[in-house]
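> Quick note: the sequence shown uses this note's numbering, first residue 217, plus one each step.
Cβ atoms here follow ideal geometry from the backbone N, Cα and C, with glycine treated the same way.
If you're wondering where the values come from, they're calculated on a predicted model, not measured in any experiment.
Below: one structure in structure tokens.
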Amino acid sequence: MKKKIYYIQPTYQTSDGKLLKGDSMYVHSLAMPALSAATPPDWEKKVVLQYFDDIDYETDASVIAITSMGYDIAQGMEIAREFKSRNKIVIFGGYQAHFSSHLLTDVCDSIVHGNPGPKDMKKILTDAENNQLQREYHCGIDINFPFDYSVLSDKKITFMPVLSSIGCINDCDFCCTAAVYKSNFRLRKIEYVIEDLKSISRISKKAGFVDNNIYNNREYLLKLLKAMIDNDINLKWGAQITVDIGDDLEALRLLYKAGCRLLFIGMETLSQQNLSGVNKKYMVQSYSQRLQNIDQSGIKVAGYFMFGLDNDTTETPQMLYDFISSVKISIPILNILIPVPGTRIYQRLKQEHRILFDEEQELLKNNSFYNSACNTCFFIPKLMTAEQTERGFLELYGKLATYSQIMKRSLSFNPVMMAFLLGMNIVFRREYLSMKRMHKML
Ligand code: SF4
Numbered sequence: 217m218k219k220k221i222y223y224i225q226p227t228y229q230t231s232d233g234k235l236l237k238g239d240s241m242y243v244h245s246l247a248m249p250a251l252s253a254a255t256p257p258d259w260e261k262k263v264v265l266q267y268f269d270d271i272d273y274e275t276d277a278s279v280i281a282i283t284s285m286g287y288d289i290a291q292g293m294e295i296a297r298e299f300k301s302r303n304k305i306v307i308f309g310g311y312q313a314h315f316s317s318h319l320l321t322d323v324c325d326s327i328v329h330g331n332p333g334p335k336d337m338k339k340i341l342t343d344a345e346n347n348q349l350q351r352e353y354h355c356g357i358d359i360n361f362p363f364d365y366s367v368l369s370d371k372k373i374t375f376m377p378v379l380s381s382i383g384c385i386n387d388c389d390f391c392c393t394a395a396v397y398k399s400n401f402r403l404r405k406i407e408y409v410i411e412d413l414k415s416i417s418r419i420s421k422k423a424g425f426v427d428n429n430i431y432n433n434r435e436y437l438l439k440l441l442k443a444m445i446d447n448d449i450n451l452k453w454g455a456q457i458t459v460d461i462g463d464d465l466e467a468l469r470l471l472y473k474a475g476c477r478l479l480f481i482g483m484e485t486l487s488q489q490n491l492s493g494v495n496k497k498y499m500v501q502s503y504s505q506r507l508q509n510i511d512q513s514g515i516k517v518a519g520y521f522m523f524g525l526d527n528d529t530t531e532t533p534q535m536l537y538d539f540i541s542s543v544k545i546s547i548p549i550l551n552i553l554i555p556v557p558g559t560r561i562y563q564r565l566k567q568e569h570r571i572l573f574d575e576e577q578e579l580l581k582n583n584s585f586y587n588s589a590c591n592t593c594f595f596i597p598k599l600m601t602a603e604q605t606e607r608g609f610l611e612l613y614g615k616l617a618t619y620s621q622i623m624k625r626s627l628s629f630n631p632v633m634m635a636f637l638l639g640m641n642i643v644f645r646r647e648y649l650s651m652k653r654m655h656k657m658l
């Protein structure tokens, strides 16, 4: 057997069956740098990110490894079938493969759960070589080794991905992270994070922490930020964090000093009843002051909100508009609630007979655009119809996509930041126009 592995990160299929391809992306998953670094040195490896490059179905690799982070599993399954028909050994991994492993029975030889490190990859590939591949591998989480950024170095990625932790201390009902890690998280050794940041500095000026929540452990975060400052990491970066960071003025000061310029914060809703109903433990009434503190530290906020929760009504879009347009949110990120199979909210809605799709594949295939707002209501909301939810969502998006709102949100004393925010908000407007066109077509 030729000791060669072909790693594939599939792209997304849009609802009209086309493959989403392009030559630039805001941020990319870290799966490939991690897998490439974990591959035993005596194995030849080739990595393909299908969004950027085409798959070579004639590859001479013996093992094909496909990783799926979400909706891309539909395309990943087609790729797997094609390689199986060519008698290749096919291995599947990634978040969605974990959630939807029952869909993969016929398309692959083995499913890898968790985050495999060098030891796990050695075991899996030795088994493959000896024709002893197991049906499933449960690897746990190994993130304590430096990742191989050479696999991303020739790609146009605005924020090069970096990782300091996996999992989240919280346990929100709608969240895939919570479904997998169940309030647990794992911290990466700071020396590896710094090593990765140094690798990124050689190929980019911007980074994006892909942690689910960089504020899982305050002490660790402060140590990491100090290490970044001491090591002169000259990158501007963003990260996902919980809203309580707004009370921590010391951490905000260090975040700014270490190069953080944008924080992604899930506020989700303005109804405390909604927030408690999905087991998110924060107080809505604290949002305004916390956002103001973050703004005063010099850091901009991208705020996630969702529509369609049980306490939402047709009045909710106006309330969301009033709030978002009056507080310090530079980039709104809006979605209709997505009941992702595997999450607690999916289970609950299913038990209540409120899920509007029969097969998981339907949800996985029906994303309209990669990385863009979910504007389809896949369930029956409590106080509205699914149609009212979609219409209200589109109206909210439209109100926030006017040029005056875009200008207001993008204002910054820093011209580079202002250009960046303008770009992001113009993408927001384009998304709105695409959604509007699509809804008219339906
Ligand atoms: S705080 Fe964010 S990452 Fe953590 S469980 Fe809730 S939604 Fe998921």
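Write down the C-beta distance between LYS561 and ASP325 rounded to the nearest angstrom, noting that I regard them as a contact closer than 8 Å.
Note that residue 561 corresponds to Ile in the displayed sequence, not to Lys. That belief does not hold up - the Cβ atoms of ILE561 and ASP325 are roughly 33 Å apart, past 8 Å.
> Please give me, in chain order, every unbroken run of the alpha helix (DSSP H) with length at least 4 that falls completely inside the stretch 308-394.
Qualifying alpha helix (DSSP H) stretches, in chain order: 311-315 and 334-345.
> For TYR472 versus SER420, is the C-beta distance shorter than 8 Å?
no
> Need the endpoints of the alpha helix (DSSP H) that PHE609 sits in, please.
602-616
> Does the CB of TYR397 have a neighbour CB from chain D at under 8 Å?
Here chain D cannot be found, since the structure has a single protein chain.
> Apart from the five residues just before and just after PRO597, which ones in its own chain have a Cβ nearer than 7 Å to its Cβ?
GLY524, ASP528 and THR605
> Quick one: using the 10 Å Cβ neighbour count with 16 as the cut-off for buried, is TYR228 buried or exposed?
With 16 or more Cβ atoms within 10 Å of its Cβ, TYR228 is classed as buried.
> Can you tell which of LEU368, ILE510 and TRP453 has the C-alpha that lies nearest to the C-alpha of ALA250?
LEU368
> Assess contact between the stretch 484-493 and the stretch 444-455, defined as three or more Cβ pairs (one per stretch) separated by less than 8 Å. Is contact present?
no
> Out of curiosity, what's the CA-to-CA distance linking GLU260 and LYS220?
Straight through space, the alpha carbons of LYS220 and GLU260 are spaced by roughly 4 Å.
> Do CYS384 and THR559 count as a contact pair if the criterion is CB distance below 8 Å?
Taking 8 Å as the cut-off, the Cβ atoms of THR559 and CYS384 do not count as close.
> Just how far apart, CA to CA, sit TYR586 and THR374?
With a pLDDT of only 45 at TYR586, under the threshold of 50, the placement of this residue in the model should not be trusted, and no figure is reported.
> Quick one: does the C-beta of CYS391 sit closer than 7 Å to a heavy atom of ligand 1?
yes
> In this structure, does DSSP put GLU294 in helix, strand or coil?
helix
> Looking only at its own chain, which residues have a Cβ that is under 7 Å from the Cβ of GLN508, when we skip the five neighbours before and after it?
LYS544
> Leaving out five residues before and five after ALA253 in sequence, what residues of the same chain have Cβ atoms less than 8 Å from its Cβ?
PRO334, PHE361, PRO362, PHE363 and ASP364
> Note down, in chain order, each residue of its chain lying with its Cβ closer than 8 Å to the Cβ of ARG302, except the 5 sequence neighbours on either side.
TYR273
> Please determine whether the Cβ atom of ALA394 lies at a distance below 7 Å from any heavy atom of ligand 1.
yes
> Excluding the 5 residues flanking ILE554 on each side, which residues of the same chain have their C-beta closer than 7 Å to its C-beta?
Correct list, in chain order: CYS590 and PHE594.
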